[in-house]
């Protein structure tokens, strides 16, 4: 097999070129590649095998360190807490939805009441008021004024 380049090793191992250089620096002196006259590494099969071996060993050590019994307990506790938080969020979302529906229903009822009271108040006012306060009529010719009730947003409260 011909000499390989840093780029081809990086591509084969699916790592960056910088990581390959780091691994080369970590190799034992007898495993490190030699350099040519241009200060470039001369990488033969033995160096490639040493790089692969170091890379595989460093990855398996990292995986073993990540799965210690303490970490498993912590992960279990965190998963339990996340599940509990998910349930709480779901319950709060449900309560919020119910509150919004109740508010909407209450607003609709209030609008219906206001519409009903406004229409009935307007109808009564129009039916009872056929006179003009400036013209004397039979019942108010003695100088008594007929006042019309004030219309307003809360007029239905004054009944």
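Residue numbers (the working numbering): 853 to 1011. Idealized CB from N, CA, C, for every residue including glycine.
| task | Let me know the alpha helix (DSSP H) ranges lying completely inside the region 892-951, each 4 residues or longer, listed in chain order. | result | If we require 4 residues or more, the alpha helix (DSSP H) runs fully inside the region 892-951 come out as 897-918.
| Neighbourhood of residue 894 by C-beta distance below 8 angstroms, restricted to the same chain and skipping five residues each side | Correct list, in chain order: 855, 885, 886, 887, 888.
| request: Give a yes or no on whether the minimum CB-CB distance between residue 886 and chain D is below 7 angstroms. | output: Given the protein chain composition of this structure (a single chain), no chain D is represented.
| Under a Cβ-count criterion, where at least 16 other Cβ atoms within 10 Å of its own Cβ denotes burial, should residue 941 be classed as buried or exposed? | Taking every protein chain shown into account, the CB of residue 941 has fewer than 16 other CB atoms within 10 angstroms, so this residue is exposed.
| task | Output the distance between the C-alpha atoms of residue 853 and residue 874, rounded to the nearest integer angstrom. | result | Its pLDDT being 49, under 50, residue 853 is placed unreliably by the model, and the measurement read from it follows with that caveat. It is roughly 24 angstroms from the alpha-carbon of residue 853 to the alpha-carbon of residue 874.
| request: Identify the continuous alpha helix (DSSP H) that holds residue 877 and give its terminal residues. | output: Here the alpha helix (DSSP H) through residue 877 covers 869-878.
| task | Verify whether the separation of the beta carbon atoms of residue 859 and residue 869 is less than 7 angstroms. | result | Note that the C-beta distance between residue 859 and residue 869 is below 7 angstroms.
| When DSSP labels each residue in this structure, what does residue 856 get in the three-state scheme? | The answer is strand: DSSP assigns residue 856 an E or B state.
| task | Go ahead and label residue 908 buried or exposed: buried means 16 or more other beta carbons lie within 10 angstroms of its beta carbon, across all protein chains shown. | result | That one is exposed.
| If we ignore side chains and look at the alpha-carbon of each, how far apart do residue 900 and residue 872 end up? | Roughly 10 angstroms separates the two Cα atoms.
| message | Within 10 Å of its beta-carbon, does residue 903 have 16 or more other beta-carbons around it, so buried, or fewer, so exposed? | response | When all chains shown are included, residue 903 counts as buried.
| Alpha carbon of residue 846 to alpha carbon of residue 865, nearest angstrom | With the chain running from 853 to 1011 in the structure shown, residue 846 is simply not present.
| field | With 16 other Cβ atoms within 10 Å as the buried cut-off, status of residue 952 | value | Per the 10 Å Cβ criterion, exposed.
| Quick one: Cα of residue 896 to Cα of residue 883, how far? | Straight-line spacing of the CA atoms in residue 896 and residue 883 works out to 11 angstroms.
| Outcome for residue 876 when other beta-carbon atoms lying within 10 angstroms are tallied against a minimum of 16 | Burial call: buried.
| field | Residues that residue 887 bridges to, as DSSP identifies them | value | Note: residue 887 sits in a beta bridge opposite 893.
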